[in-house]
Structure formats: C-alpha cells, structure tokens
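Numbering (the working numbering), first residue to last: -14 to 90.
For glycine and all other residues, C-beta sits at the position ideal for the given N, C-alpha and C.
Quick caveat, the model's predicted, so the values are computed rather than measured.
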C-alpha cells in the first residue's frame, strides 16, 4: 500500500463523514421534486430528473415490499364519503325552549 492509497482512503473516509454529517440528500430531493413537478418544459426539469430516478431506484432496492405496498395503496380509490351533515331547521326555537326550562328550574 502506497502513500497515495492511504491518502485516497483518508480523503474518501473524510468525504463520507462530511456527507453523513451534512446529509444533503433530503434537501436535494426536495429541490428535485419541486423542479420536476411543473413539467418537462422548464429548464430545471432535466437536471432534476436523474436525481428523482436515482431516488426511486434507491427506494425500490432498499425497501421493495414497503414501496410496493405504498404503490398499491396509492392506486386504490379513496374510501366512500360519509353522509352529509344535516342541521335541525328548528334549532333556534329548541334552544330558546331549553333556556326557558333552565330559568324556570
């Protein structure tokens, strides 16, 4: 092992430590998502698209079952909505009657 190998290893170790401390991934991914969302006609789309593809490949590789479950859940139709709320049209009269009963007691 030469001095060049040792210095290269130390530089890689230092770079890995620095990337681990700074964690640029989430910020870079947020920027890429914001850049890709408007569409491919913007100039930011093309530098951001490979970042999104690398992130998708990473997620599919590291968490395949969770990713597949999320994709399946995303494709499901939303649950049916509950019935609309109904209000008693005579609520004011009932409230006055309740107040009158409270005052009598």
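Asked: Buried or exposed (CB count within 10 angstroms, at least 16 for buried), residue 0; Found: exposed
Asked: Proximity below 8 Å, CB of residue 40 to CB of residue 21; Found: no
Asked: Limits of the unbroken alpha helix (DSSP H) element including residue 80; Found: 76 to 89
Asked: Helix, strand or coil at residue -6 according to DSSP, with G and I counted as helix; Found: helix
Asked: Boundaries of the alpha helix (DSSP H) in which residue 93 is found, first to last residue; Found: Shown here, the chain extends from -14 to 90; a query on residue 93 therefore has no answer.
Asked: Cβ-Cβ distance between residue 36 and residue 13 below 8 Å; Found: yes
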